[in-house]
Amino acid sequence: MKITVPKFIKRMVPELIWGLEDDERVFLTFDDGPTPGITEYILQQLDKYNAKATFFCLGKNVEMYPDLYERIIAAGHKVGNHSYSHIKGWGRSEEEYVEDVDFANQFVHSDLYRPPYGRITGAQVKALAPRYRLIMWDVLSQDYNRNISPQSCLNKVLRHVKAGSVVVFHDSVKAYKNMHYALPRTLKYIQEQGLRCSTIELWKG
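Those letters in the sequence shown? Residues 2 to 206, by this note's numbering.
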């Protein structure tokens, strides 16, 4: 899976937001949470570097761990919808897919949406775009990939992150080892570059 996205793909589906034009900020995002023991670690690291981020939460996890979800919001971070059941868009009907996303919105109250795996059909995009901002990414850490080392995960991020980047980490058990190593070092690097980490919602207007 590529870390950055070819420009022609971005042009094909303009409703999908892959990166942002910003001279000062980087937009860290965390998918698949909240997850007990892992979300807390992320919040601690973000607080240490005075960084804000956007958490794309699964509806089923928020339903199970509402207090952890509220901690994210109370810490000044933003939340986004990541579907209820981590549904893949490919091979699913538009109706089934949209129903899962809308069900998640009962638990995750946000107009931001990120498709799990980044897999979403054109019809699904058209159905969701009037009600959600569809957020993709331009830097994928691959922290979930157990075939790469924590250092390799970090390198993938540092090689591509720049002002305006939307960076993906995961708030999950599977990704924890790599994310645990890469996140604080990424935050330190961003700070050293004179950039700051902000929530995606802050770039509106």
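In this text, a Cβ means the ideal position worked out from N, Cα and C, and glycines have one as well.
- Counting only unbroken stretches of 3 or more residues, the beta strand (DSSP E) elements lying wholly within the region 147–202 are 167–171, in sequence order.
- For Leu-196, the CB contacts under 7 Å within the same chain, skipping 5 residues up- and downstream, are Glu-25, Arg-26, Val-27 and Ala-164 in chain order.
- The C-beta distance from Leu-69 to Pro-37 rounds to 6 Å, short enough to fall under 8 Å.
- For Lys-61, no beta strand (DSSP E) run applies; the uninterrupted alpha helix (DSSP H) run containing it begins and ends at 60–65, by DSSP.
- For Val-126, the enclosing alpha helix (DSSP H) stretches over residues 123–129.
- For Thr-36, no alpha helix (DSSP H) segment is defined, and its DSSP state is neither H nor E.
- DSSP places Leu-135 in no alpha helix (DSSP H) but in the uninterrupted beta strand (DSSP E) bounded by 134–136.
- Per DSSP, the continuous beta strand (DSSP E) segment holding Val-80 begins and ends at 79–82.
- Assigned with DSSP and collapsed to three states, Tyr-50 falls in coil, not helix or strand.
- Following the DSSP letters along the chain, one finds Phe-104 inside the alpha helix (DSSP H) bounded by residues 95–105.
- Within the same chain, Asp-139, Gly-165, Ser-166 and Val-167 come within 7 Å of Gly-20 by CB-CB distance, once the 5 residues on both sides are set aside.
- Cα atoms of Ala-76 and Ser-199: separation of roughly 13 Å, rounded to the nearest angstrom.
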